[in-house]
Structure formats: structure tokens, C-alpha cells
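A.B. asks: In the numbering used here, the protein residues as written are 65 to 146. Each residue gets a CB set at the ideal place from its N, CA and C atoms; glycine is no exception.
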């Protein structure tokens, strides 16, 4: 039997440092793990999946991918090339 630790949305928001709107935008685009229903109007997230998502973001930073993507967005925002 697997044991999974569930995190409430408030804890996830603290760990990933983003707003609830940003979090659900990433969920809807498949860029963040989907929550697990734990009640009629309550969801939680698997701690292992949240940790894996954070680890992946750290790897992107280490690879320079995050900085490159931010630079490209900034160039597009001011009407430059991409």
C-alpha cells in the first residue's frame, strides 16, 4: 500500500510562491500537477508531485532555460524580435 502525503492548496501556494489564479492557470495548461479531490469542495495536492515540480523548475534554472524564456518574453513585449 502506498502512502501519500496531501498538501492543502494554501501550503502549495506558499511553497511555489504564486497566486491561486496563477496556480490554476498552470494546472489548466498541464504545467502543474492536478489536485486530488478530498471533499465536496476541497482539493489537495500530492506532496511528491509538488516537490517534483519544484525540482524541475530548479533544473530549468540551472540549465538557463528560465532566463532565456524570460528574455524572449521581454523582447516580444517591447515589440522586438524573438
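1. Under three-state DSSP, which class holds residue 69?
2. Tell me where the beta strand (DSSP E) around residue 106 begins and ends.
3. Rounded to whole angstroms, what is the Cα-Cα separation between residue 90 and residue 96?
4. Tell me where the beta strand (DSSP E) around residue 103 begins and ends.
5. Taking all protein chains shown into account, decide if residue 101 is buried (16 or more other Cβ within 10 angstroms of its Cβ) or exposed.
C.D. replies: Walking through what the data contain:
1. Locating residue 69 in the chain shown gives position 5, counting from the first residue. In the three-state reduction of the DSSP assignment, residue 69 falls in the coil class, being assigned neither a helical nor a strand state.
2. Stepping through the chain shown from its first residue, residue 106 is reached at position 42. 106 to 110 is the span of the beta strand (DSSP E), which, as asked, contains residue 106.
3. What you label residue 90 is simply residue 26 of the chain shown in a count that begins at 1. What you label residue 96 is simply residue 32 of the chain shown in a count that begins at 1. Distance between the alpha carbons of residue 90 and residue 96 is about 5 Å.
4. Walking along the chain shown from the start, residue 103 turns up at place 39. Annotation: the continuous beta strand (DSSP E) that includes residue 103 extends over 100 to 103.
5. The residue you call residue 101 lines up with position 37 of the chain shown. Answer is exposed; the Cβ neighbour count stays below 16.
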